[in-house]
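Everything on this sheet refers to the single structure shown next.
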Amino acid sequence: MTDAPVTTISVEEFSERAQAIVNEVRKVIVGQTELIRHVLICVVVGRHALLEGVPGLGKTMLIRTLSEVMNLKFSRIQFTPDLMPADITGTNIMEKQGDGRQEFRFEAGPIFANLVLADEINRATPKTQSALLEAMQEKMVTVANTTYHLDPPFFVLATQNPLEMEGTYPLPEAQLDRFMFKIHVPFPSTQELVEIFNRTTGGDEGQPQPVVDGAQILAMSELAYQVPIASHVSEYVARLVVATHPESEGATDKVRRYVRYGSSPRGGQALILGAKVNALLEGRYNVAFDDVKLIAPAVFRHRLLLNFEGLAEGITADDVISELIEQTPTGA
Amino acid sequence: MQYTDTQATLLAYVRRWNNRLRLTRTVVWLPRGLLIGVLVGLMIATISRLRPWLLPEQILQNALVAVGIMGVLTLVTIWLWPRPARTAAQEFDRRFNLKERISTALEITSGLITAPPMFAERQLEDARVAANRVEANHHLPVKVNWLEVALLVLALVGLAAAILIKNPFEGEVIAQRELQQTIDQQIEQLEQTREQIENDSTLTAEQQEELTQPIDEAIEALQNPDISQAEAVASLAEAEQELREMSQDGQSRTERAANSAAGKQLRANPNSEQAGEALEESDLNQAADELEQLANELDNLSEQERQDLADQLEAAADALQETNPELADQLREAAEALREGDTQRAAEALQDAANTMNQQAQANQQQSQAANQAADQVNQSRQDMSGTQDQQAGNQQQGNQQQGDQGQQSGDQQQSGNQEGDQGQQSGGEQQSGSQGDQQGSEGQQAGDQSDGQQSGNQQGDQQSGEQGSQPGGQQGDQAGDQAGNQAGDQSGEGPASESQGGEQQGQPSGGESADQAGGSGAGDQGSPAGSDTATGEAGQQPGEVSNAPGDDDMREYDPIYVPQRIGEDGTADPEVSLGGEVSNDDGETINQTDFNETFSGESQVPYNRVFQQYQREAQRALDSDYIPIGVRDIIRAYFSSLEP
Chain A
1 MTDAPVTTIS VEEFSERAQA IVNEVRKVIV GQTELIRHVL ICVVVGRHAL LEGVPGLGKT
61 MLIRTLSEVM NLKFSRIQFT PDLMPADITG TNIMEKQGDG RQEFRFEAGP IFANLVLADE
121 INRATPKTQS ALLEAMQEKM VTVANTTYHL DPPFFVLATQ NPLEMEGTYP LPEAQLDRFM
181 FKIHVPFPST QELVEIFNRT TGGDEGQPQP VVDGAQILAM SELAYQVPIA SHVSEYVARL
241 VVATHPESEG ATDKVRRYVR YGSSPRGGQA LILGAKVNAL LEGRYNVAFD DVKLIAPAVF
301 RHRLLLNFEG LAEGITADDV ISELIEQTPT GA
Chain B
1 MQYTDTQATL LAYVRRWNNR LRLTRTVVWL PRGLLIGVLV GLMIATISRL RPWLLPEQIL
61 QNALVAVGIM GVLTLVTIWL WPRPARTAAQ EFDRRFNLKE RISTALEITS GLITAPPMFA
121 ERQLEDARVA ANRVEANHHL PVKVNWLEVA LLVLALVGLA AAILIKNPFE GEVIAQRELQ
181 QTIDQQIEQL EQTREQIEND STLTAEQQEE LTQPIDEAIE ALQNPDISQA EAVASLAEAE
241 QELREMSQDG QSRTERAANS AAGKQLRANP NSEQAGEALE ESDLNQAADE LEQLANELDN
301 LSEQERQDLA DQLEAAADAL QETNPELADQ LREAAEALRE GDTQRAAEAL QDAANTMNQQ
361 AQANQQQSQA ANQAADQVNQ SRQDMSGTQD QQAGNQQQGN QQQGDQGQQS GDQQQSGNQE
421 GDQGQQSGGE QQSGSQGDQQ GSEGQQAGDQ SDGQQSGNQQ GDQQSGEQGS QPGGQQGDQA
481 GDQAGNQAGD QSGEGPASES QGGEQQGQPS GGESADQAGG SGAGDQGSPA GSDTATGEAG
541 QQPGEVSNAP GDDDMREYDP IYVPQRIGED GTADPEVSLG GEVSNDDGET INQTDFNETF
601 SGESQVPYNR VFQQYQREAQ RALDSDYIPI GVRDIIRAYF SSLEP
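The listed protein sequences derive, respectively, from chains A and B.
Take the first sequence: its letter number 249 is residue 249 in this note's numbering, and every next letter is one higher.
Take the second sequence: its letter number 422 is residue 422 in this note's numbering, and every next letter is one higher.
Right, dumping it as structure tokens:
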């Protein structure tokens, strides 16, 4: 990306816009600092995020707010077991012309938007999930041998409910890997709850204003790719990725014991990209180890496949990742 | 490079921080390194106090070396260990929480990673500003760990105390060093002797090999790192003994035994009796003469006598087959010719055998001379080693007051025994144990006025038993030494001049410090020194050379020999001995031991063949008791064999 054309925005502009986005979102969303930052990172680099949290924590609200702030075309797809791929991608419909002839016309589905909210994605059948995931990866849709490109920026923010697992279709690992982050949506603190109650029941709900548009998001993305990263930081990322595999030399005890399979190289790419954006958000011009460590849980959380022993003992991916970050040396 | 200035600036920061870091590490690690060195020295000093190892000055040297090495190692590691700027930058990023700004900037300036100019400039400026804000003195304070410094001082005090306080093993260490030095010198001397033998063109390869074998064995024994002084002396004595045996007639034991066997066969026939006797005594020249004479008389023999002579020659040839096959073939040919009645051919064969014997005698003579010379050199080495023993004993006494007290006590006891023994024995044996002193005192008590032969025998026995000082060993040594001394006394003046001289040299007391030297000379009955130590024993132990055994050619009147009175022996005087308590002999009679002056003089006139078994039994018991060095056991056995009635 270092050879990419010079961005049209400066680093200062990047910081200002990012800060403006956050400020506008905060008018609606109380707390959830990490959630906002991680979602923003995904949006800036044009990748997809999977949000996991119990209902009512503001996942949908956050995404809707983001679309308003970024002035992006937003669509929401509520995934249900009877949802069909054509419900997502769109379909050709027969349309009667003025001269009496009948022609097929492509009716675009909700996927044709800049920001797509795939609500409760694990409730749809795998066939429908794969239709969405193909669009996520290729950023285009093919219907009846006709390919339709999705307008940039395009990112999918999917949600899933970790509690109601009955009647759901967990996403396959290959499809999970296409999400840059898996972000936990934590329950608000008491203080935050009070603020939420005040805002939502007092009639003074904030109205976010658009501060950026799609073109500016793309410019921010281009700038993020150009952030330099030192070789030893890149090597640290590589060591982290390798250490997630139980058979590797640098694997920690928990990885060896509880992990069935580790992260793909795509995880490393996501880690570096996320760290670059995080550095810019902090006003730095280089990636630090701390950026990597901050991003690592969201990157590896859905990429570490626990084995039966790990699941049986209630080990979470976050436990393994914490040990991994703690024990993997930053130096060579 | 467009970022040269920024790079230089950042590198200057890194160098400055690096020096500061090295300084802080020096303050922390130098005391630790020195402490390790001092602890090593302390450990060396402690070990040297638990076992003989190093002298104080050596401990100090080793401690200084250890401290110096650790100090230099610490400084070199800290200040000279190569540390690339990038590595240092990474460390300072971490230490100063610079968020990898400096290391990234250095990689950008060095071209290791690329970044758009806008980003690069911003990043470098950001790194420079961050570096400028760093207060290295604050982040890298020079902190002295006073606890470690106190430990270092404590260890230094301990080391100084360990060096300055007198080490009880100091004397022993000095003695060990000197002994090792002496052994090295003797090894070198022995190697020179061996080289002389190997370069001696008058000797055949077999003779050289035979002569160098005992020297090689002695060198091998001396090269054993755990060898004691006594063992070193014993190994040299053994080598000398073997060389002396070779020097007698230039023959090995095997050859001598073969000649003896052949001689016995020939002696059985009246016609070859003279030749047999000469051959049995390994006098090859005489045997050759007798064979020539026999060859001239063959025609005068009857047919039966020829057949008998042929049988004896055949038997003698069989005995000589292994050691001298040429001579054996010639004797066998003579026997065959006699059986066939061809006296002329038999005479020629006998003449050839005589010539072979003469040649063999000549070769033996050369080997004898070489062996004698080598034995003298080995003897000199042994004397040097014995001298070291005395010096070593002196060092040990100096280093160990307790041991010195014991030595003084035993010396006093020996002096008492010598005086009571009515002998002109030169005392001063500080090294002899108390038991030896008691033993000699007992001898004096029983024997009273003994012959000087016994006196020298006592000394020989004491020395050969390794001067262990245990009472049984000393007693046995006395017993064996009595007889050796007798013979030595008889032979005084007859033995080789060199041996007598050697005996006298060894007999010279040197300051009265050593037991063997103290007992070195004695006044013999004939007024000639009998020799005192091993050399004297060897002179008296050469079997067959001088003997008063019955049947020997040089037999003369039996010498009056003192027979020590044994309690419970038959037919002897009734000793009034007082042992300080009631003791019963084998017959149940109560016996007492009296003072020395009250005992009888012990002048018994009994032929030795009556007491020989008793002497031989005692000698055998001494040989079996391990108090007799291996090197001299054969001498004692040979001696008694020569005396056998």
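All C-beta atoms in this analysis are idealised placements derived from N, C-alpha and C, irrespective of residue type, glycine included.
What would DSSP say about residue i, mapped onto helix, strand or coil?
i	result
B/ILE102	helix
A/TYR225	helix
B/ARG94	helix
A/ARG303	coil
A/MET180	strand
B/VAL144	coil
B/TRP17	helix
B/ARG382	helix
B/SER442	Caution is warranted here: a pLDDT of 38 is assigned to B/SER442, below 50, making its placement in the model unreliable, and the coordinate value is therefore given only provisionally. Helix.
A/LYS254	helix
A/ARG101	coil
A/GLY90	strand
A/VAL6	Because the pLDDT of A/VAL6 is 41, which lies under 50, any placement of that residue in the model is unreliable, and the number read from its coordinates should be weighed accordingly. Coil, per DSSP.
A/THR201	helix
B/MET651	A question about residue 651 of chain B goes unanswered here, because the residues of chain B that appear run from 1 up to 645.
B/ILE183	helix
A/TYR148	strand
A/PHE154	coil
A/LYS96	strand
A/ALA75	What sits at residue 75 of chain A in the sequence shown is Ser, not Ala. Correct three-state label for A/SER75: strand.
B/SER521	Annotation note: pLDDT 37 at B/SER521 (below 50); position unreliable, coordinate value reported separately. DSSP places B/SER521 in coil when its eight states are reduced to three.
B/GLU644	coil
B/TYR639	helix
When we look at the beta-carbon of residue i and count the other beta-carbons within 10 Å, is it buried (16 or more) or exposed?
i	result
A/ALA215	exposed
A/PHE187	exposed
B/ASP8	The question names Asp, but residue 8 of chain B in the sequence shown is Ala. Counting Cβ neighbours within 10 Å, B/ALA8 comes out exposed, since fewer than 16 surround it.
A/GLY268	buried
B/GLN506	For B/GLN506, the predicted structure reports a pLDDT of 38, less than 50, and the residue's modelled location is therefore unreliable. The matter cannot be settled from this model.
B/ARG267	buried
A/GLN19	exposed
B/GLU125	exposed
B/GLU292	buried
Going by beta carbon distance, what residues of the same chain come within less than 7 Å of residue i, once the five residues before and after it are set aside?
i	result
A/GLN327	THR252
B/ASP308	ASN269
B/VAL144	VAL27
B/TRP79	ARG22
B/LYS166	none
B/LEU279	ASN259, ALA262, GLY263, LEU266, ALA287
To which residues of the same chain is residue i closer than 8 Å at the C-beta, ignoring the five residues directly before and after it?
i	result
A/GLN207	LYS27
A/LEU163	VAL54
B/ILE219	ILE187, LEU190, GLU191, ARG194
A/ILE88	ILE77, GLY109, PRO110, ILE111, THR128, ALA131, LEU132, ALA135
7 Å is my cut-off, CB to CB: does residue i come that close to chain D?
i	result
A/ALA219	This model lacks chain D altogether; the protein chains it does include are A and B.
For residue i, which residues from the same chain have a beta carbon less than 6 Å from its beta carbon, with the 5 sequence-adjacent residues on both sides left out?
i	result
A/PRO126	TYR169
Where the stretch 245-278 of chain A meets chain B: residues whose CB sits under 7 Å from a CB there: none
Under 7 Å (Cβ pairs) to chain B, residues found in the stretch 12-41 of chain A: none
At least three beta-carbon pairs within less than 8 Å, the stretch 299-317 of chain B to the stretch 330-340 of chain B: yes
Positions along the stretch 224-239 of chain A whose CB lies within less than 9 Å of some CB in chain B: GLN226, VAL227, PRO228, ILE229, ALA230, SER231, HIS232, VAL233, SER234
Cβ contact check for the stretch 147-164 of chain B and the stretch 350-366 of chain B: 3 or more pairs under 8 Å: no
Cβ pair count under 8 Å reaching 3, the stretch 14-28 of chain B against the stretch 65-73 of chain B: no
Contacting positions in the stretch 111-123 of chain B - beta carbon closer than 8 Å to chain A: LEU112, ILE113, THR114, ALA115, PRO116, MET118, PHE119, ALA120, ARG122, GLN123
Chain-ordered residues of the stretch 95-108 of chain B with a beta carbon less than 7 Å from chain A: LYS99, GLU100, ARG101, SER103, THR104, GLU107, ILE108
Meets three-Cβ-pair contact criterion under 8 Å: the stretch 237-250 of chain A and the stretch 311-319 of chain A: no
Cβ contact (3+ pairs, closer than 8 Å) linking the stretch 21-38 of chain A and the stretch 52-69 of chain A: yes
Three CB pairs or more closer than 8 Å across the stretch 257-274 of chain A and the stretch 285-305 of chain A: yes
Touching by the beta-carbon criterion (3+ pairs, under 8 Å), the stretch 222-231 of chain A and the stretch 279-291 of chain A: yes
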